[in-house]
Amino acid sequence: MNRAEIVGRVARDSGLTKADVDRVIGALIEHVSRSLKKGEKVKLVGFGTFDVARRRARSVLNPRTGAPIRIPARRMPRFTPGKELRKLVK
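Take 1 as the starting number for the sequence shown in this note's numbering and just add one per residue.
In C-alpha cells, the structure reads:
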C-alpha cells in the first residue's frame, strides 16, 4: 500500500477530504522526522515506537578488489512495533 492508497482509505473511513488527510499525513511524517533528527523517540501507544539506532563503524572488504573499506559510524531510523500491532499481525 502506498501513500495515495492510505490517503484514500483514511478519507473514506473518516469523512475527511483526501487533501485534508494528505496534509495530516504529511505533517505527521514531518514531525516524526524532525524528532528523530533531534534524537528523540516517538511513541504511538498500541502501534509502535520510532527511534534512532547508532551503528558502529566497521571494516568490510570490497567484493571486486578485496581491499578493506572503512564504513563510518552512523545513525539509522528504527521502528519497533507495539504489542497490539504485533498481536494483530500474528
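The beta-carbon is built from N, C-alpha and C at its ideal position, and this holds for glycine as well.
When the five nearest sequence neighbours on each side are left out, the beta carbons in the same chain lying within less than 8 Å of the beta carbon of Ala-11 are those of Thr-17, Lys-18, Asp-20 and Val-21, in order along the chain. Taking the CA atoms as reference points, Gly-82 sits about 21 Å from Arg-34. In the DSSP assignment, Lys-43 falls within the beta strand (DSSP E) that extends over 42-44.
Comparing alpha-carbon positions, the option among Ala-73, Arg-74 and Ser-59 lying closest to Ala-67 turns out to be Ser-59. Contiguous alpha helix (DSSP H) elements confined to the stretch 3-75 occur at 3-14 and 18-37, taking only those with 4 or more residues.
Beta-bridge annotation (DSSP): Arg-78 is paired with Asp-51.
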